[in-house]
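**Student:** Below you will find the structure I want to go over with you.
Residue numbers (our numbering): 285 to 669.
Structure, rendered in structure tokens:
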């Protein structure tokens with residue numbers, strides 16, 4: 285704990301004007317005189333627990349990307365359909381061809397491979413699907429059952445921003461046997477158990493040249509063919525909770541957190557000037573441009589927990605853009621004043637991502653750890669000062 289002279293606090297607060305703190309002068313600071321200013325550093329969280337919320341029924345078939353992998357306890361499954369025309373085959377006839385090898389190339393967007401690329405499960409969809417399917421049961425807001433027949437676990441390769449995934453040749457051979465001159469191949473790709481990686485690849489709708497998925501076949505004799513996807517989409521399913529010590533904030537597969545800090549008591553007439561929450565940010569296990577967060581006070585009564593926005597302070601709903609570690613964000617001083625002065629029972633607060641329906645709808649998440657607080661508060665002036 286530090287006791288700061290008032291003139292140093294004034295310098296600190298003036299320097300903060302126009303920066304990340306929307307209300308750097310705190311509450312009624314200009315009306316105080318004579319009281320001490322206290323700065324608490326690195327106040328650790330006493331309790332942190334994940335909020336595993338609903339899976340939003342997102343329609344992701346029209347987005348410009350496909351996610352494949354498994355990360356932070358969530359599995360991402362890409363689903364693809366490729367339709368062949370007679371002209372796609374050597375000689376215009378598929379019936380006489382023997383498939384020697386088959387693979388799909390996923391073109392990575394912006395170098396977005398998170399984690400160490402691991403094995404991929406190739407499976408066969410066992411029911412019809414479309415790009416307008418959400419893969420979410422809207423009665424429970426959990427992942428809907430999408431039956432798939434697992435065909436193989438394969439090892440992909442990454443070169444020149446392209447992930448090449450080998451596929452069982454039976455996918456095309458069986459399609460030729462069933463589809464004659466115009467066969468169609470369907471398959472799904474997901475991360476194998478025990479892996480922690482993510483591939484963000486262009487979909488067929490990608491506006492970037494050469495970034496859409498391509499299925500390639502090589503036939504006996506060396507001839508080949510390459511065809512882009514006719515349909516593609518992806519969906520996600522939560523398989524497990526974040527690991528102890530991890531704070532996962534995610535949209536789509538909505539995941540928030542609750543946390544509580546042990547706080548000192550202060551006189552009711554004191555002023556809480558600054559509350560700054562900081563985390564360590566794991567860039568390699570995050571997929572994030574920005575998150576809109578709602579910050580709510582937790583109130584517990586009779587075994588029931590309610591969430592309340594304590595004031596109209598803009599800090600209670602804010603857009604955060606982590607750009608490095610540690611990541612810093614400011615919290616509502618009024619909420620902490622209520623706890624520290626004893627006016628409210630400290631049951632903690634929640635951070636909940638808000639999933640916005642926008643033209644560039646996507647799943648995003650940030651993985652954080654080691655939450656701690658920096659608090660600056662002013663004690664009331666001594667009697668007679």
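Where a beta carbon is used, it is the ideal one built from N, C-alpha and C, also for glycine.
At a cut-off of 8 Å, would you count residue 429 as near the ligand ZN, judging by its Cβ distance to the nearest heavy atom?
**Tutor:** With respect to the ligand ZN, the structure offers nothing, as it holds no ligand at all.
**Student:** Can you have a look at residue 614 and say buried or exposed, based on whether 16 or more other CB atoms are within 10 angstroms of its CB?
**Tutor:** Walking along the chain shown from the start, residue 614 turns up at place 330. It counts as buried.
**Student:** Identify every residue that forms a DSSP beta bridge with residue 355.
**Tutor:** As a working mapping, residue 355 is identified with position 71 in the chain shown. In the DSSP output, where bridge partners are listed per residue, residue 355 has 358.
**Student:** When you compare only the Cα positions, how much space is there between residue 309 and residue 662?
**Tutor:** Locating residue 309 in the chain shown gives position 25, where the first residue counts as 1. Locating residue 662 in the chain shown gives position 378, where the first residue counts as 1. Low confidence applies here, because residue 309 scores a pLDDT of 38, under 50, leaving its location unreliable and the question unanswered by this model.
**Student:** Between residue 562 and residue 656, how many whole angstroms is the CB-CB distance? I'm expecting something under 8 Å.
**Tutor:** Looking up residue 562 in the chain shown gives position 278. Looking up residue 656 in the chain shown gives position 372. Confirmed, about 6 Å.
**Student:** Is DSSP giving residue 457 helix, strand or coil here?
**Tutor:** Translated into positions along the chain shown, residue 457 becomes position 173. Reduced to three states, the DSSP call for residue 457 is helix.
**Student:** Which one of 363, 558 and 465 has the shortest CA to CA distance from residue 514?
**Tutor:** On the chain shown, residue 514 is found 230 positions in, with the first residue counted as 1. Residue 514 has its Cα closest to that of 363, out of 363, 558 and 465.
**Student:** May I ask you to list the residues that DSSP assigns as paired with residue 390?
**Tutor:** The count along the chain shown starts at 1 and reaches residue 390 at position 106. The partner list for residue 390 (beta bridge, DSSP) reads 447.
**Student:** Give me the residue from 582, 397, 537 and 620 with the minimum Cα distance to residue 525.
**Tutor:** Numbered from its first residue, the chain shown carries residue 525 at position 241. For residue 525, the nearest C-alpha among the options comes from 537.
**Student:** Between which two residues does the beta strand (DSSP E) carrying residue 534 extend?
**Tutor:** Numbered from 1 along the chain shown, position 250 holds the residue referred to as residue 534. That run of the beta strand (DSSP E) goes 530 to 534.
**Student:** Is it right to say residue 470 is buried, meaning 16 or more other beta carbons lie within 10 angstroms of its own, or is it exposed?
**Tutor:** Within the chain shown, numbered from 1, the residue matching residue 470 stands at position 186. Counting Cβ neighbours within 10 Å, residue 470 comes out buried, since at least 16 surround it.
**Student:** Could you have a look at residue 482 and say whether DSSP puts it in helix, strand or coil?
**Tutor:** Sequence index remark: in the chain shown, residue 482 carries index 198 (1-based). In the structure shown, residue 482 sits in a strand (DSSP, three-state: E or B).
**Student:** On the CB-based measure, 16 or more other CB atoms within 10 Å of its CB, does residue 490 come out buried or exposed?
**Tutor:** The sequence position of residue 490 within the chain shown is 206, counting from 1. Looking at its Cβ environment, which holds 16 or more other Cβ atoms inside 10 Å, residue 490 is buried.
**Student:** Can you tell me where the alpha helix (DSSP H) holding residue 572 begins and where it ends?
**Tutor:** Reading the chain shown from its first residue, position 288 is the one you call residue 572. Here residue 572 belongs to no alpha helix (DSSP H), and DSSP marks it neither H nor E.
**Student:** Quick test of your reading: residue 373 and residue 381, contact by CB under 8 Å. State the CB separation rounded to the nearest angstrom.
**Tutor:** To locate residue 373, count along the chain shown from 1; it is residue 89. To locate residue 381, count along the chain shown from 1; it is residue 97. Indeed, because the Cβ distance is near 6 Å, the residues count as touching under 8 Å.
**Student:** Can you find at least 3 beta carbon pairs, one from the stretch 502 to 521 and one from the stretch 407 to 422, that sit closer than 8 Å?
**Tutor:** With a cut-off of 8 Å, the stretch 407 to 422 and the stretch 502 to 521 count as touching, because enough Cβ pairs lie within range.
**Student:** Hey, how far is the Cα of residue 303 from the Cα of residue 321?
**Tutor:** Within the chain shown, the letter at position 19 stands for residue 303. Within the chain shown, the letter at position 37 stands for residue 321. Its pLDDT being 35, under 50, residue 303 is placed unreliably by the model, and the measurement read from it follows with that caveat. Going from the Cα of residue 303 to the Cα of residue 321 covers about 21 Å.
**Student:** Please return the same chain residues whose Cβ sits closer than 7 Å to the Cβ of residue 335, not counting the five positions on each side in sequence.
**Tutor:** What you label residue 335 is simply residue 51 of the chain shown in a count that begins at 1. Only 539, 540, 541, 542, 634 and 636 meet the Cβ criterion.
**Student:** For residue 435, collect the residues of the same chain with a Cβ closer than 7 Å to its Cβ; drop the 5 residues on either side in sequence, then sort them by chain order.
**Tutor:** Indexing the chain shown from 1 puts residue 435 at position 151. Only 406, 407, 408 and 452 meet the Cβ criterion.
**Student:** Residue 618 lies in the alpha helix (DSSP H); which residues open and close that run?
**Tutor:** What you label residue 618 is simply residue 334 of the chain shown in a count that begins at 1. 617 to 624 is the extent of the alpha helix (DSSP H) around residue 618.
**Student:** Measuring straight from C-alpha to C-alpha, what distance separates residue 482 and residue 440?
**Tutor:** Position 198 of the chain shown, counted from the first residue, corresponds to residue 482. Position 156 of the chain shown, counted from the first residue, corresponds to residue 440. So the alpha carbons of these two residues sit roughly 12 Å apart.
**Student:** With distance defined between alpha-carbon atoms, name the residue in 658, 585, 549 and 650 nearest to residue 626.
**Tutor:** Along the chain shown, one-based indexing puts residue 626 at 342. Among 658, 585, 549 and 650, the Cα nearest to that of residue 626 is on 549.
**Student:** Can you tell which of 401, 402 and 430 has its C-alpha closest to the C-alpha of residue 413?
**Tutor:** As a position in the chain shown, residue 413 is number 129, starting the count at 1. When each option's Cα is compared against that of residue 413, the closest is 430.
**Student:** Rounded to the nearest angstrom, what separates residue 326 and residue 392 at their Cα positions?
**Tutor:** Position 42 of the chain shown, counted from the start, is the residue given in the question as residue 326. Position 108 of the chain shown, counted from the start, is the residue given in the question as residue 392. Using only the alpha carbons, I get a separation of about 39 Å.
**Student:** Where does residue 508 sit, in a helix, a strand or coil, going by DSSP?
**Tutor:** Taking the first residue of the chain shown as position 1, residue 508 is located at position 224. It is a strand residue.
**Student:** Alpha carbon to alpha carbon, how far is residue 376 from residue 465?
**Tutor:** Here residue 376 corresponds to residue number 92 of the chain shown, with the count starting at 1. Here residue 465 corresponds to residue number 181 of the chain shown, with the count starting at 1. Using only the alpha carbons, I get a separation of about 8 Å.
**Student:** For residue 557, tell me which candidate among 500, 492 and 658 has the shortest Cα-Cα distance.
**Tutor:** In the chain shown, counting from the first residue as 1, residue 557 sits at position 273. Selected option, being the one with the closest Cα: 658.
**Student:** At what residues does the beta strand (DSSP E) containing residue 344 begin and finish?
**Tutor:** Here residue 344 is taken as the residue at index 60 of the chain shown, counted from 1. No beta strand (DSSP E) contains residue 344, which DSSP labels as neither H nor E.
**Student:** Could you compute how far the alpha carbon of residue 507 sits from the alpha carbon of residue 449?
**Tutor:** Numbered from 1 along the chain shown, position 223 holds the residue referred to as residue 507. Numbered from 1 along the chain shown, position 165 holds the residue referred to as residue 449. Cα to Cα, the separation comes out at about 20 Å.
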